[in-house]
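Novice:
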Amino acid sequence: MFQAMSFTDYGVSPANLNDFWRSQTFHERFDSLDAPVFIDSGGFKLMNSNTFGQAPVEGGAENEWGLYTNPKSILGLQIDFGSDIIATLDYPIPPKLNEEEKVERMERSIDSAVECLQIIEDPDTLSDGFPTNENAAERLKQQKSDGNEPGVYVALHGHDYETVNWYVGTFLERIEEANVEQSFEGFAIGSLVPLRSSIDVLIDIVQGATDAIPSSRADEIGLHVFGVGGKQVSLLALLGVDTFDCSTHVQTATYAKYTIPDTWETIHVNELEPYLEDGDFPCTLEHCTLCGSESDVDYQTLVDELNMDLSYDQRQERKSNGEPIKSDYYAALARHNFEVYNSELHRVRDRIREGTLLEYVIDFARNNPDIKKGLKQAQVRNKKLCRDLEKKEAYDLVAGPDLTSDQTKLSKWGGGVDESTETRSISLKYNPSSFNILTQRYEPPADKRVLLLVPCSQKKPYSESRTHSVLETKLEDKRDHIHKVTLSGMYGPVPEEKEREDPVLGYEYMLTSEDTEQIDLVTKRLQTYLETYEDHYDEVVAYVASAQYRGVIETALDESGVGASDEIVFPQNPKSFQLTEHFRNTNIQELIDYLD
Numbered sequence: 001m002f003q004a005m006s007f008t009d010y011g012v013s014p015a016n017l018n019d020f021w022r023s024q025t026f027h028e029r030f031d032s033l034d035a036p037v038f039i040d041s042g043g044f045k046l047m048n049s050n051t052f053g054q055a056p057v058e059g060g061a062e063n064e065w066g067l068y069t070n071p072k073s074i075l076g077l078q079i080d081f082g083s084d085i086i087a088t089l090d091y092p093i094p095p096k097l098n099e100e101e102k103v104e105r106m107e108r109s110i111d112s113a114v115e116c117l118q119i120i121e122d123p124d125t126l127s128d129g130f131p132t133n134e135n136a137a138e139r140l141k142q143q144k145s146d147g148n149e150p151g152v153y154v155a156l157h158g159h160d161y162e163t164v165n166w167y168v169g170t171f172l173e174r175i176e177e178a179n180v181e182q183s184f185e186g187f188a189i190g191s192l193v194p195l196r197s198s199i200d201v202l203i204d205i206v207q208g209a210t211d212a213i214p215s216s217r218a219d220e221i222g223l224h225v226f227g228v229g230g231k232q233v234s235l236l237a238l239l240g241v242d243t244f245d246c247s248t249h250v251q252t253a254t255y256a257k258y259t260i261p262d263t264w265e266t267i268h269v270n271e272l273e274p275y276l277e278d279g280d281f282p283c284t285l286e287h288c289t290l291c292g293s294e295s296d297v298d299y300q301t302l303v304d305e306l307n308m309d310l311s312y313d314q315r316q317e318r319k320s321n322g323e324p325i326k327s328d329y330y331a332a333l334a335r336h337n338f339e340v341y342n343s344e345l346h347r348v349r350d351r352i353r354e355g356t357l358l359e360y361v362i363d364f365a366r367n368n369p370d371i372k373k374g375l376k377q378a379q380v381r382n383k384k385l386c387r388d389l390e391k392k393e394a395y396d397l398v399a400g401p402d403l404t405s406d407q408t409k410l411s412k413w414g415g416g417v418d419e420s421t422e423t424r425s426i427s428l429k430y431n432p433s434s435f436n437i438l439t440q441r442y443e444p445p446a447d448k449r450v451l452l453l454v455p456c457s458q459k460k461p462y463s464e465s466r467t468h469s470v471l472e473t474k475l476e477d478k479r480d481h482i483h484k485v486t487l488s489g490m491y492g493p494v495p496e497e498k499e500r501e502d503p504v505l506g507y508e509y510m511l512t513s514e515d516t517e518q519i520d521l522v523t524k525r526l527q528t529y530l531e532t533y534e535d536h537y538d539e540v541v542a543y544v545a546s547a548q549y550r551g552v553i554e555t556a557l558d559e560s561g562v563g564a565s566d567e568i569v570f571p572q573n574p575k576s577f578q579l580t581e582h583f584r585n586t587n588i589q590e591l592i593d594y595l596d
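Under the UniProt record's numbering, residues 1 to 596 are what the sequence shown spells out, in order.
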């Protein structure tokens, strides 16, 4: 499954969620939709949100969305959207989470999955305490009457073999005790996106799941992996993975990168010329609308259009004239990348039908060091695979006796960890009251008269993150005068000398647009900090490329009257509000020039 989307990308708001989006299923709304719809629970996003808390019936507060971190609430939304397959509400486990909270979250995920299956068994319970689920309850009853209720995939997480193995085995015992197996179809492993470049860890996790599934049930229990596809498909399919979802083709295109068929290299379009064949794209895929014979986009046109910087009015004029705009060329590039992934999927399916998947993986591994590494890692726990390779005389791919699983490569969870060397232990029980600089007896350093506001990083302490250290390096000759204050999405302003306090080192939180109350809280705290210490600083300046954190800083500056945000927030005109803009040298130079 390659079309991975978030419903919040489609103009969904609290106002139109119930009246519009929940009034029809996707199948009813989109006549041309003839594929199954697989809807995840949003557990990863809910984990980083204070908006969707406990339901009022459980002692929580109402929110404007009418959605809660509760199996019943989430299942109602999934049914209203017309899910053919659902993933259960899960509680993701970030790396370095302390052991007590890790076990607690795994048990909550298992409880949630069992409850989901119980609700599907008895649809009348879906609307108990949840009036917004009344239509969903009727839909579910009709689906069950037709024998067409959604299949359930249990979302699971874990960062090593043992954790995942325990998770799967424990859940299978629980549903046997509860006698609610009718809608259970399989498991869906999350938190894998950061592991695409750590294939040994990825393999170990997948084997943790497959080894916990009884061999007598291996053909009836499906295994899905979230966010993984492409060149890993053949090896993971060999190890027992059945389905994949991936949006890498879109993300790669976002950075104007072109995936080379066969080699899987991603090359920026500006550097693609050496790969051209007689001026044509190096692609012969049948359905590629960018590179195929019927395409009217040549290489130079693609480069020119993606590098063109038109104003909003110019883009609108081209659009009104029916001319393609930059987005159309990005889409064409994404379609090419998609076809590279899609063609690999079809090749693997063909090899499975032919019974020659192992031979295919052997050839692939000999030409791709990453797949070779993964294939060898798989043999640590799968001795039959080792024997099968020996029978094929693939001795160059047989694992040596000294190969062991390497769990040290785990990094970049959720796209936020900057480096793989992080050793801190985190807790998800910290809240905004755990640290507040405004309630402490505090004065900024007397010798630092320039206040620099920057957004927080997932790696702690902030100063050791890649996002902060790049500024440290560039501003080295000015640091004696600069007082860095980090805007935490959890706590608001955190002065640099407070970075190593336990609540600051141990929390895990990212500010999102849905968390309006949290945005208001950190904005107010920053505004108060600016007003309290305004006379201490000679200059105030901010460097922030993230949309949510930039909005907080700009509002706090404007409301406090300390400075005009359009003059002292850098970069002043970023090309986009993405992390890449934080590292762009021209943007950092803007800050340096201002300080000079």
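Backbone N, C-alpha and C fix where the C-beta goes; we use that ideal spot for every residue, glycine too.
1. Where Pro369 and Pro445 are concerned, what is the direct C-alpha to C-alpha distance, given to the nearest angstrom?
2. So Pro461 and Leu505 are in contact, right, with Cβ under 8 Å, and what is the actual spacing, rounded?
3. With H, G and I counted as helix, E and B as strand and the rest as coil, what does DSSP make of His27?
4. What I want to know is whether the C-beta of Leu89 ends up closer than 7 Å to one or more non-hydrogen atoms of the ligand HEM.
5. With respect to the alpha helix (DSSP H) encompassing Ala253, which residues constitute its N-terminal and C-terminal limits?
6. In the DSSP assignment, what are the bridge partners of Tyr543?
7. Do you know how far the Cα of Leu428 is from the Cα of Gly129?
8. Looking at the secondary structure, which residues open and close the beta strand (DSSP E) in which Pro487 lies?
9. To the nearest whole angstrom, what separates the beta carbons of Ile553 and Val569, a pair I think is in contact under 8 Å?
10. Helix, strand or coil for Ala188? Go by DSSP, reduced to three states.
11. With 16 as the cutoff for other CB atoms within 10 Å, does Leu487 come out buried or exposed?
12. Would you decide whether Gly147 is buried or exposed? Buried here means 16 or more other CB atoms lie within 10 Å of its CB.
13. Just the Cα atoms here: how many angstroms apart are Glu286 and Ala256?
14. Evaluate contact between the segment 305-314 and the segment 226-244, counting only Cβ atoms and requiring at least three cross-stretch pairs below 8 Å.
15. Could you check whether Tyr549 and Tyr438 sit closer than 8 Å to each other, using their CB atoms as the reference points?
16. Let me know the secondary structure DSSP gives Ile432 once reduced to three states.
17. Among Leu77, Ser73, Ile189 and Thr254, which one has its Cα closest to the Cα of Ser23?
18. Could you give the DSSP three-state label for Val398: helix, strand or coil?
19. Kindly indicate which three-state DSSP category Ile213 falls into: helix, strand or coil?
20. Determine, using beta-carbon pairs with one atom in the segment 85-98 and one in the segment 54-62, whether at least three such pairs fall under 8 Å.
21. When the distance is taken between beta carbons, is Val398 closer than 8 Å to Ala334?
22. In whole angstroms, what separates the C-alpha of Trp65 from that of Leu17?
23. Within this structure, are the beta carbons of His346 and Cys283 separated by less than 8 Å?
24. Less than 8 Å between the beta carbons of Leu117 and Ile189, yes or no?
25. For the alpha helix (DSSP H) that contains residue 598, what are its first and last residues?
26. Could you pull the start and end residues of the alpha helix (DSSP H) that Ala331 belongs to?
27. Under the DSSP definition of a beta bridge, which residues are partnered with Phe38?
28. On the three-state DSSP scale, how would you describe Gly222?
29. Contact check, Val450 vs Glu539 under 8 Å by CB: the rounded distance?
30. For the segment 87-156, which segments carrying the alpha helix (DSSP H) assignment without a break, of at least 4 residues, lie completely within its bounds, in sequence order?
Specialist: For this structure:
1. 52 Å
2. 6 Å
3. helix
4. This structure simply doesn't include the ligand HEM, nor any ligand for that matter.
5. Thr248 to Thr254
6. In DSSP, Tyr543 forms a bridge with Phe570.
7. 28 Å
8. The question names Pro, but residue 487 is Leu in the sequence shown. Taken as a continuous stretch (DSSP letters only), the beta strand (DSSP E) holding Leu487 covers Ile482 to Ser488.
9. 6 Å
10. strand
11. buried
12. The residue is exposed, with fewer than 16 neighbouring Cβ atoms inside 10 Å.
13. When rounded, the distance between both Cα atoms is 22 Å.
14. With the cut-off at 8 Å, the segment 305-314 and the segment 226-244 do not touch.
15. Checking the sequence, you will find Leu at residue 438 rather than Tyr. Not a contact, by the Cβ cut-off of 8 Å.
16. Before going further, note that residue 432 is Pro rather than Ile in the sequence given. Judged by DSSP in its simplified three-state form, Pro432 adopts helix.
17. Leu77
18. coil
19. Here DSSP, grouped into helix, strand and coil, assigns Ile213 to coil.
20. The segment 85-98, when compared against the segment 54-62, does not touch it at the 8 Å Cβ threshold.
21. no
22. In this structure, the alpha-carbon of Trp65 lies about 7 Å from that of Leu17.
23. No, these two residues do not count as a Cβ contact at 8 Å.
24. no
25. Outside the displayed span of the chain (1 to 596) sits residue 598, for which this structure offers no information.
26. First-last of the alpha helix (DSSP H) with Ala331: Lys326 to Glu354.
27. Ile85
28. Three-state DSSP puts Gly222 in a strand.
29. The C-beta separation of Val450 from Glu539 comes to about 5 Å, placing the pair in contact by the 8 Å criterion.
30. 99-121 and 134-145
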